[in-house]
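One structure below.
Protein chains: 2
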Amino acid sequence: MADKKMVEEITSMDVDFAQWYTDVVKKAELIDYTSVKGCMVIKPAGYAIWELIQKQLDARFKETGVENVYLPMFIPESLLQKEKDHVEGFAPEVAWVTHGGLQPLQERLCVRPTSETLFCDFYKNDIHSYRDLPKVYNQWCSVVRWEKETRPFLRSREFLWQEGHTAHATAEEAEQRTIQMLDVYADFCEEVLAIPVIKGQKTEKEKFAGAVATYTIEALMHDGKALQSGTSHNFGDGFAKAFGIQFADKDNTLKYVHQTSWGMTTRLIGAIIMVHGDNEGLVLPPKVAPIQVCVIPIQQKKEGVLEKARELTERLKKVCRVKLDDTDKSPGWKFADAEMRGYPIRVEIGPKDMEAGRCVLCRRDTREKTEVSLEELESRVEELLDAIQREMLERARKHRDLHTYTASSMDEFVKIFHERSGFVKAMWCGEQSCEDEIKEKLSVTSRCMPFEQEHIADTCVCCGKPAKKMVYWGKAY
Amino acid sequence: MADKKMVEEITSMDVDFAQWYTDVVKKAELIDYTSVKGCMVIKPAGYAIWELIQKQLDARFKETGVENVYLPMFIPESLLQKEKDHVEGFAPEVAWVTHGGLQPLQERLCVRPTSETLFCDFYKNDIHSYRDLPKVYNQWCSVVRWEKETRPFLRSREFLWQEGHTAHATAEEAEQRTIQMLDVYADFCEEVLAIPVIKGQKTEKEKFAGAVATYTIEALMHDGKALQSGTSHNFGDGFAKAFGIQFADKDNTLKYVHQTSWGMTTRLIGAIIMVHGDNEGLVLPPKVAPIQVCVIPIQQKKEGVLEKARELTERLKKVCRVKLDDTDKSPGWKFADAEMRGYPIRVEIGPKDMEAGRCVLCRRDTREKTEVSLEELESRVEELLDAIQREMLERARKHRDLHTYTASSMDEFVKIFHERSGFVKAMWCGEQSCEDEIKEKLSVTSRCMPFEQEHIADTCVCCGKPAKKMVYWGKAY
């Protein structure tokens, strides 16, 4: 324990979850604050996670025919205003550029909060015939939303994301693409981030400004709060009509295109921290761990130990992302440091291990130790990385299921949210007034109407009128 | 020729090089113009080139120990003003954000034109001891400079780039890193883009705002104009003093860090077009060609042809980036289209070829055709891609050398720039007045003082005073 104190201490999750989160992002060196209020520096350990997310998500996009593009970061005010709901949703929170060089601009430009309007302006000129469809474009960039309260990764004035924007000949094809991308997101979260998600549709109140339908994946954090982790929107032909995006169809008539958009952000890093982290710090799923294995020599001053540690590191380079900690700190300090930074496996090698022709593998997620013969090192590490990835998902799913409750009356509903935290499944009449009342009373919002509906009761949990949908409710980030 | 006309025509280079360039970027679908003046859409065929540049350049960075980060896109006005030369260089061409949401900001923010000041602000808090050094960080992002005249890829109000920013304990180490990154850039241009470059130092007049020394790589375009293709700056401790970035050295005294920065941009795509392109369109070096091979069936309605073309495409997928053109256009149209888009190799396969168990490979760069046995397809394509990559560099070098002249008097100097276009090597006294005079008279600037100096004359080509340096002069983009 003395050694552990040498690594700066992290507030316990149970004492103060918000402070625990802040400690982890700072002390695992994922981010730093800046002189620019509400904006953050993403440091190497944080950015390397984002690079792994980008690489694997982008590969999944490309498998479905997505092509990457880049559009300007500025939107002329008149362009932003073309779709009524959209401008109402975003205008209050955009940053405005009013001067270029020493001159005032003739028209204000906003820094993109999202790029629907720019894509529409582009598609209007780029789409003429059914032969030009579908367009399935995506861009990786940063966007700006002038938030009042900010938290690293979860809500900041500038964040990194991808935004896909597609145009289709028919409503059916647009709806298909909307769901297809939601599925890509859900699979990515489960298979790469080891985060189980609920797929469903947002209510009218919670949907995206300008969308006909918004679909979402919702994840449950360790503290029982929900995090919207990715959304996919079907716009129908609303934007196409506002912008005049028409094509000549096979039957030679002019038709409006149907559009979608979908996005995921650096907020996913916040989800990884809050789903998998523990009181020792970060716990990274192997597939997004920039360092998967950390080799730590024991009694490294003894003859041959450091050489052996170097040899094992070199061997492991062929099968994983590995680093050697050969600093002059004590092994205990290095263990605590490796734990705080969330490396999935640490390898311990000392004189006794060398004599016995073995080393010790210690899992970050369970802290379980195994002795393995040096001959089998690579294969055992690979197996263990696979097992960690798989079991982290299972554990997160179990936690999520344990913290998912059912309420068939308002009393039950209130009681659960007062005593516990998690998702609550309850019936809803479909009226926004009930959502408003629940939000007012409990600071709880409808997370989604899940695709997998259950019949919990006949009546709305709030007003008692006949129920239309089962809804996941929760407190959200 | 009738077939060629079916592909929209490109202005001949010799008639109007600027129009040829514009035609190529538009018709090869690399970019599109937008409603945002001076900003462009980078379309899939253009962005895919940038992705290949990023991937290969980033890998070279990481081999030298570079770590990626992300800093905010906004710079508070007070921060930009901390280094006097720097603010003077950039303030006249930045975009200013004055409102966030519905509120005016207390302090204006500029959209980063470059991030020296942000990195300094970050390093000031992140660097304490010699143990924290060196910092070798880089970011991939977009930057904004409010240019008056813009051209796709070459000069636009927003462009994509990478910017490396490093901090070191000693002046020597900073200088070493500055040169090391210039070498990375030069090797990348030659080995990946097949563009030979001149390495050298910028004069005082041409160096970066705030730098002690700016190094550059200069390339020669097909029209004989120069393009600055990458720069690397040594800042000494100027920024460190302005921002107060100090560290406790091993001897326990406080010292200022020494800094560098270095950047390459989407302008490289402009260089690829203008170095390798011809009157049929784009010519892409295989290493940055998103599609390296295009398979075109001849008489594709004949039995078995399309199947065979598909089979060859599948086989080639294992060794290169390949696409099949199975549209209902004529082979002639497809050839012209593939040429315009710059695919390094096209594979022609028709009934006669099938009978003979062969196909035809046609190189984009030389238009040379070779018949190859179907059995050898993969190996011959791989060899040919290597040969094209190598020979494109050789050809570009030959062109550059042929258009590099020597002048030992002002008469010669003027005559060359009146009659020809290219680099002119000439001596210089070191005075800015001579640079100013040459620029005024001929619109020619000093491109660099090359590392490989030659003795051409004893006296300055302009004023006749004793010469200090041999300089490459040229008209520049």
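Sequences listed follow chains A and B, in order.
Counting from 885, one number per residue, gives the positions in the first sequence under our numbering.
Counting from 885, one number per residue, gives the positions in the second sequence under our numbering.
Even for Gly, the Cβ is constructed at its ideal location relative to N, Cα and C.
With a cutoff of 8 Å on beta-carbon distance, S1116(B) and T1062(B) are scored as near each other. Short of 8 Å from the beta carbon of T948(B), and not among the five residues preceding or following it, lie these beta carbons of its own chain, in chain order: V1020, Q1064, M1065 and V1068.
Close to T998(A), with beta-carbon spacing below 8 Å, lies no residue of chain B; the smallest spacing is near 15 Å. When C-beta distances to chain B are compared with 8 Å, every residue of the region 1172 to 1184 of chain A stays at or above that value. The residue among L986(B), L1017(B), K1236(B) and Y1099(B) with its C-alpha nearest the C-alpha of V1081(B) is Y1099(B). Residues of the region 903 to 921 of chain A with a C-beta less than 8 Å from any C-beta of chain B: D916, T918, S919 and V920, listed in chain order.
The alpha-carbon of M1238(A) is positioned some 31 Å away from that of R1274(A). Per the DSSP secondary-structure output, D916(A) pairs in a beta bridge with V925(A). For a Cβ distance threshold of 7 Å, residue set M957 of chain B lies close to S1026(A), ordered along the chain. Between L1077(A) and A1155(A) the beta-carbon gap is near 7 Å, inside 8 Å, which marks them as a contact. The C-beta separation of F1301(A) from A1310(A) comes to about 11 Å, leaving the pair out of contact by the 8 Å criterion.
At least one CB of chain A lies nearer than 8 Å to the CB of V995(B).
Here M1294(A) has V1345 and C1346 as same chain residues with Cβ atoms under 7 Å from its own Cβ, once five neighbours each way along the sequence are excluded. Considering only I1322(B), G1358(B), D907(B) and E1260(B), the residue with the shortest C-alpha distance to L1196(B) is E1260(B). Interface flag for H1052(B) against chain A is unset, since no Cβ pair is found closer than 8 Å. For the region 938 to 955 of chain B, residues whose beta-carbon sits nearer than 8 Å to a beta-carbon of chain A comprise E951, N952, V953, Y954 and L955. Taking G1094(A) as the centre and dropping the five residues before and after it, the same chain places the C-beta of E967, D969 and H970 closer than 6 Å to its C-beta, in chain order. Proximity of chain B to Y931(A) at the Cβ level (cut-off 7 Å) is accounted for by N952, V953 and Y954, in chain order. Restricting attention to S919(B), M924(B) and D898(B), the CA atom closest to the CA of V909(B) is found in M924(B). Nearest to I1101(A) by alpha-carbon distance, out of S1113(A), M1158(A) and A1291(A), is S1113(A). The beta-carbon of F1037(A) is placed no less than 8 Å from the nearest beta-carbon of chain B.
Pairing D1249(B) with V1167(B) gives a Cβ-Cβ distance under 8 Å. Note on geometry: alpha-carbon atoms of K1185(B) and L1208(B) lie some 15 Å from one another. Residue environment for F1335(A): exposed (fewer than 16 other C-beta atoms within 10 angstroms of its C-beta). Counting only residues of its own chain and dropping the five nearest sequence neighbours on each side, G1234(B) has a CB closer than 6 Å to the CB of I1182 and Q1183. For the region 1008 to 1021 of chain A, the set of positions with a beta-carbon nearer than 9 Å to some beta-carbon of chain B reads N1009, D1010 and Y1021 in chain order.
Its Cα nearest to that of E1338(B), the residue V1308(B) stands out among L1152(B), V1308(B), E1223(B) and K1202(B). By alpha-carbon distance to Y954(A), the top candidate from S962(A), S999(A) and V995(A) is S999(A). Counting the other Cβ atoms within 10 Å of the Cβ of K1086(B) gives 16 or more, which makes it buried.
Exposure of G1188(B) is indicated by the presence of fewer than 16 other C-beta atoms within 10 angstroms of its C-beta. For the C-beta of I1063(A), not a single chain B residue is nearer than 8 Å; the gap to the nearest is close to 24 Å. Note: R1242(B) is bridge-paired with S1257(B) in the DSSP secondary-structure output. By the Cβ-count criterion, G1306(A) is buried, with 16 or more other Cβ atoms from all chains shown falling within 10 Å of its own Cβ. Within the region 1317 to 1350 of chain A, the complete beta strand (DSSP E) segments of 3 residues or longer fall at 1329 to 1334, listed in chain order. When Cβ pairs closer than 8 Å are counted between the two stretches, the region 1022 to 1037 of chain B is seen not to touch the region 1125 to 1145 of chain B, the count staying below three.
I926(B) belongs to the set of residues whose beta carbon lies under 8 Å from a beta carbon in chain A.
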